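A.B. asks: Right, I'll just put the structure down here and ask away after.
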Amino acid sequence: MTVSRSEVAGSTIARVTGLTKEFRSAGGEVLAVADVDLEVRQREFLSLCGPSGCGKSTLLSMLGGLTPPTRGEVVIDGEPLAGPSRDIGMMFQTPVLFPWRTTLQNVLLPIEVFGKRPADHKDRARELLGMVGLEEFVDAYPWQLSGGMQQRAALCRVLLYDPKLLLLDEPFGALDEFTREAMDLELLRIWSETAKTIVFVTHNINEAVFMSDRVAVMTPRPGRVVSVLDIPLPRPRERQLMRTKEFADLVFEARSLLGVA
Amino acid sequence: MSATARLLGRRWAGRGSPALIGLGTVAVLLLAWELAPRVGLVSRVTVPTPTDTLRGFVQLVSGGYWLGHLRSTLIAVLAAFVLGSTAGFTLGTVLGISPFVRRVITPYVIALQALPKVVLAPLLIGWLGFGTPSKIAVATAICFFPVWVNTMVGLSLPGADEFRLMASLRASRWRVFRMLQLPSALPMVLVGLKHALLLAFTGVLVAEILAGSAGGLGQLAESFAYQLLMPLAFAVVTLVILIAVALVTLVDRLEHRIVFWTRPEGADER
């Protein structure tokens, strides 16, 4: 079967129009994100890919309502976004686990923030931790976990409250190459099992092509989306895919759009 | 390296040895202190030996009146510590959660930190008289600072991503404070409290020495020294040192238990 998920997946979950962010700095105004139009489709895996300073993290932050745009608008499910929403889950490059909490307590953090009873969600939290192979580390503290295990726990934390849209800002960027590849495959597995929509920021072109249904290619100064590339590669994706001509062609196409072919 | 040397090296690097070296050092120092006045290196009238001090201690304890002074000092220390820490923590929190206020106030805090706060003692004694209130006031004024500054700085310790995570969950300000900032600040607050305890002790003793009629261990030591009853004066000073060491040890234990995450397992080994 060679049908890509973006063809089966349908409607738009998020729409970005004319989104612009200017930062004031010592040297004057810096245009971090300039006039971006983009749509995120239900259940798709979309990557924002570009070099440092191309505004991909700022764009993601605006999508999550954490950074107010200078101009333009983000519409989620037909509603203009005015700030952070519990329908949107964010993951950062660092796991951001609190060292005074066990793995389980860290995963339950959102429930406590929402003012609900953590006890009611313990079973689900354990189930999620089991899904990423952390069942043995439920009562361990973050400093007892490896970097990859910490990001797995952070992933469970965001999955626990079941947001529709996941925004992942280079979540495995701080991990070594081997761990990152393993985490990528794990994320794809979880994504296919949970039917979430994911927007994934990365500067790694291979990773973006390997993971995504579509790749939004971004260039810096000012930060723009130059093109959105369809990735019609079959799923589920395996490492061997990277050795195919189709994969190499798509990576080459992305590289030419970035001017590094 | 020979096998014996390696074995010896491992033994020296072992668990018990630092304590052993510490005890050895204390023994050598005590011996030197005992001998110096006896061989006439220093006058035994002004520097009594450890055994003289011990005898002075027995004399002090059998006299009975020392208990009143001890109680007076400890009550003042406790009162000043509670007052100063509460005020320091409260002000530190108010300023710590407001970045704007913190930015504006910080330069003054640094200036105040550099000030030798004991200089306030004569003023406070002048205003409040020679009684217990002035003792407590002096100690409160001194021990307030470390708690204030450490609370303020501690609350700003969490990084941008920590705050962004809480913001992405739409956490209320109160929850951000209680679930993120306060636990992050706790290690520094506890260090501040430990300093505050010792500073409260210092403040009370200074006030007692300056304002003799208030009573307390400071006044006791000062009056013994004034009468050249050096073994008794040494006994009181030793008592003060023992109390201070006991207090710090207690607070250290509590600290390690409360903020367990600042010393992950394995870190003790070094």
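Chains Y and V, in that order, give the protein sequences. When we follow my numbering, the leftmost residue of the first sequence carries the number 1, and every step to the right adds one. When we follow my numbering, the leftmost residue of the second sequence carries the number 262, and every step to the right adds one. Just so you know, even glycine gets a beta-carbon here, dropped at the ideal spot from N, CA and C. This one's a predicted model, so the numbers in the text were calculated from it and none came from an experiment.
1) Which one of Y:20, Y:39, Y:40 has the shortest CA to CA distance from residue 31 of chain Y?
2) Taking the beta carbon of residue 161 of chain Y as the centre, do at least 16 other beta carbons fall within 10 Å, making it buried, or is it exposed?
3) With 8 Å as the threshold, decide whether the Cβ of residue 210 of chain Y is near any Cβ in chain V.
4) Please name the residue, chosen from V:419, V:407, V:429, V:337, that lies closest to residue 550 of chain V on a Cα-to-Cα basis.
5) Over the uninterrupted beta strand (DSSP E) stretch that includes residue 23 of chain Y, give me the two end residues.
6) Could you name the residues of chain V that residue 92 of chain Y contacts, counting a contact when the two beta carbons are closer than 8 Å?
7) In the DSSP assignment, the alpha helix (DSSP H) including residue 107 of chain Y goes from what residue to what residue?
8) Give a yes or no on whether 8 Å exceeds the smallest Cβ distance from residue 430 of chain V to chain Y.
9) Examine chain V for any beta-carbon lying closer than 8 Å to the beta-carbon of residue 173 of chain Y, and answer yes or no.
10) Would you kindly work out how many angstroms separate the C-alpha atoms of residue 77 of chain Y and residue 59 of chain Y, rounded to a whole number?
11) Touching or not, the region 94-112 of chain Y and the region 147-159 of chain Y, by the rule of three or more beta carbon pairs under 8 Å?
12) By Cβ distance, which residues of its chain are closer than 8 Å to residue 5 of chain Y, with the 5 residues on each side in sequence left out?
13) Comparing alpha-carbon positions, which option in Y:36, Y:142, Y:208, Y:18 lies nearest residue 173 of chain Y?
14) Based on the DSSP output, what are the partners of residue 285 of chain V in its beta bridges?
15) If the cut is a Cβ gap below 8 Å, which residues of chain Y does residue 444 of chain V touch?
16) Tell me whether residue 488 of chain V is buried or exposed, calling it buried when 16 or more other Cβ atoms sit within 10 Å of its Cβ.
17) Nearest by alpha-carbon distance to residue 37 of chain Y: which of Y:17, Y:175, Y:94, Y:215 is it?
18) Figure out for me which residue from Y:40, Y:23, Y:56, Y:67 has the closest Cα to the Cα of residue 424 of chain V.
19) List the residues that DSSP assigns as beta-bridge partners of residue 216 of chain Y.
20) State the CB to CB distance for the pair residue 318 of chain V and residue 408 of chain V, rounded to an integer number of angstroms; the pair is presumed to be in contact (CB under 8 Å).
21) If we cut at 8 Å on Cβ distances, does residue 136 of chain Y have a partner in chain V?
22) Any beta-carbon of chain V closer than 8 Å to the one on residue 191 of chain Y?
23) Can you name the residues that DSSP bridges to residue 71 of chain Y?
24) In whole angstroms, what is the alpha-carbon distance linking residue 64 of chain Y and residue 427 of chain V?
25) Mind listing which residues of the region 107-120 of chain Y have their C-beta closer than 9 Å to chain V's C-betas, in chain order?
26) Consider the Cβ of residue 436 of chain V: report whether some Cβ of chain Y lies at a distance smaller than 8 Å.
27) Less than 8 Å between the beta carbons of residue 430 of chain V and residue 113 of chain Y, yes or no?
28) Using only alpha-carbon positions, find the residue among Y:97, Y:128, Y:180 that is nearest to residue 190 of chain Y.
29) Okay, do the region 311-326 of chain V and the region 371-391 of chain V touch, 3+ Cβ pairs below 8 Å being the bar?
30) Roughly how many angstroms separate the alpha carbons of residue 246 of chain Y and residue 72 of chain Y, rounded to a whole number?
31) Just list the alpha helix (DSSP H) runs in the region 387-470 of chain V, keeping only unbroken ones of 4 residues or longer that don't cross its boundaries, in chain order.
32) Rounded C-beta distance between residue 152 of chain Y and residue 132 of chain Y? I'm assuming under 8 Å.
33) Which first and last residues belong to the alpha helix (DSSP H) in which residue 502 of chain V is found?
34) In terms of residue numbering, what span does the alpha helix (DSSP H) encompassing residue 353 of chain V cover?
35) Assuming the contact rule is C-beta atoms closer than 8 Å, residue 222 of chain V and residue 504 of chain V should be a hit. Round their C-beta distance to whole Å, please.
36) Rounded to the nearest angstrom, how far is the Cβ of residue 165 of chain Y from that of residue 13 of chain Y, given a contact under 8 Å?
C.D. replies: This is what the structure holds:
1) By one-based count along the first sequence, residue 31 of chain Y stands at place 31. Selected option, being the one with the closest Cα: Y:20.
2) The residue labelled residue 161 of chain Y in the question sits at position 161 within the first sequence. Classification for residue 161 of chain Y: buried.
3) Taking the first sequence and counting its residues from 1, one reaches residue 210 of chain Y at position 210. Not one chain V Cβ lies under 8 Å of residue 210 of chain Y.
4) As displayed, chain V neither begins before 262 nor continues past 531, which places residue 550 of chain V out of reach and without an answer.
5) Against the first sequence, residue 23 of chain Y aligns to sequence position 23. 12-25 is the span of the beta strand (DSSP E), which, as asked, contains residue 23 of chain Y.
6) Here residue 92 of chain Y corresponds to residue number 92 of the first sequence, with the count starting at 1. Under the 8 Å cutoff, chain V gives 422, 425, 426.
7) Within the first sequence, residue 107 of chain Y is the residue found at index 107, counting from 1. Run containing residue 107 of chain Y: 103-107, per the alpha helix (DSSP H) assignment.
8) For this step, residue 430 of chain V is matched to residue 169 along the second sequence. Chain Y contact via Cβ: present.
9) Here residue 173 of chain Y refers to the residue found at position 173 when the first sequence is read from its first residue. By this cut-off, residue 173 of chain Y is not an interface position.
10) Along the first sequence, one-based indexing puts residue 77 of chain Y at 77. Along the first sequence, one-based indexing puts residue 59 of chain Y at 59. Roughly 18 Å between the two C-alpha positions.
11) yes
12) The count along the first sequence starts at 1 and reaches residue 5 of chain Y at position 5. Reliability fails at residue 5 of chain Y, whose pLDDT of 45 lies under 50, so the model's placement of it is uncertain and the value that follows must be treated cautiously. So the qualifying residues of the chain are 43, 44, 45, 213, 235.
13) By 1-based counting over the first sequence, the position of residue 173 of chain Y is 173. For the residues Y:36, Y:142, Y:208, Y:18, the minimum Cα distance to residue 173 of chain Y belongs to Y:208.
14) Position 24 of the second sequence holds residue 285 of chain V. DSSP, once it has assigned bridges, lists no residue as partnering residue 285 of chain V.
15) To locate residue 444 of chain V, count along the second sequence from 1; it is residue 183. Per Cβ cutoff of 8 Å: 98, 100.
16) By 1-based counting over the second sequence, the position of residue 488 of chain V is 227. Answer is exposed; the Cβ neighbour count stays below 16.
17) Locating residue 37 of chain Y in the first sequence gives position 37, where the first residue counts as 1. Selected option, being the one with the closest Cα: Y:17.
18) Translated into the one-based positions of the second sequence, residue 424 of chain V becomes position 163. The option with the nearest alpha carbon to residue 424 of chain V is Y:67.
19) Looking up residue 216 of chain Y in the first sequence gives position 216. Y:48, Y:228, per the DSSP bridge assignment.
20) Within the second sequence, numbered from 1, the residue matching residue 318 of chain V stands at position 57. Within the second sequence, numbered from 1, the residue matching residue 408 of chain V stands at position 147. Contact doesn't hold; Cβ gap of about 34 Å is too wide.
21) Residue 136 of chain Y sits at position 136 when you count from the first residue of the first sequence. No - not a single Cβ of chain V is within 8 Å of the one on residue 136 of chain Y.
22) Locating residue 191 of chain Y in the first sequence gives position 191, counting from the first residue. Chain V, which has no Cβ nearer than 8 Å to the Cβ of residue 191 of chain Y, makes this no.
23) For the purposes of this step, residue 71 of chain Y is identified with residue 71 of the first sequence, where counting begins at 1. Partner(s): Y:20.
24) Within the first sequence, the letter at position 64 stands for residue 64 of chain Y. Within the second sequence, the letter at position 166 stands for residue 427 of chain V. Cα to Cα, the separation comes out at about 13 Å.
25) 109, 110, 112, 113, 114, 115
26) Here residue 436 of chain V corresponds to residue number 175 of the second sequence, with the count starting at 1. Yes, contact with chain Y.
27) The sequence position of residue 430 of chain V within the second sequence is 169, counting from 1. The sequence position of residue 113 of chain Y within the first sequence is 113, counting from 1. Contact flag set, yes.
28) Within the first sequence, the letter at position 190 stands for residue 190 of chain Y. The residue with the shortest Cα to Cα distance from residue 190 of chain Y is Y:128.
29) no
30) As a first step, residue 246 of chain Y is located in the first sequence; it is residue number 246 there, counting from the start. As a first step, residue 72 of chain Y is located in the first sequence; it is residue number 72 there, counting from the start. Their backbone Cα atoms lie some 36 Å apart in a straight line.
31) 393-416, 421-429
32) Taking the first residue of the first sequence as 1, we reach residue 152 of chain Y at position 152. Taking the first residue of the first sequence as 1, we reach residue 132 of chain Y at position 132. With a Cβ gap of about 4 Å, residue 152 of chain Y and residue 132 of chain Y count as contacting.
33) Counting from one through the second sequence, the residue named residue 502 of chain V turns up at place 241. Taken as a continuous stretch (DSSP letters only), the alpha helix (DSSP H) holding residue 502 of chain V covers 491-519.
34) Here residue 353 of chain V corresponds to residue number 92 of the second sequence, with the count starting at 1. Looking at the DSSP string, the run of the alpha helix (DSSP H) that includes residue 353 of chain V is 327-357.
35) Residue 222 of chain V is absent from the structure shown; chain V starts at 262 and stops at 531.
36) For the purposes of this step, residue 165 of chain Y is identified with residue 165 of the first sequence, where counting begins at 1. For the purposes of this step, residue 13 of chain Y is identified with residue 13 of the first sequence, where counting begins at 1. Indeed, because the Cβ distance is near 6 Å, the residues count as touching under 8 Å.
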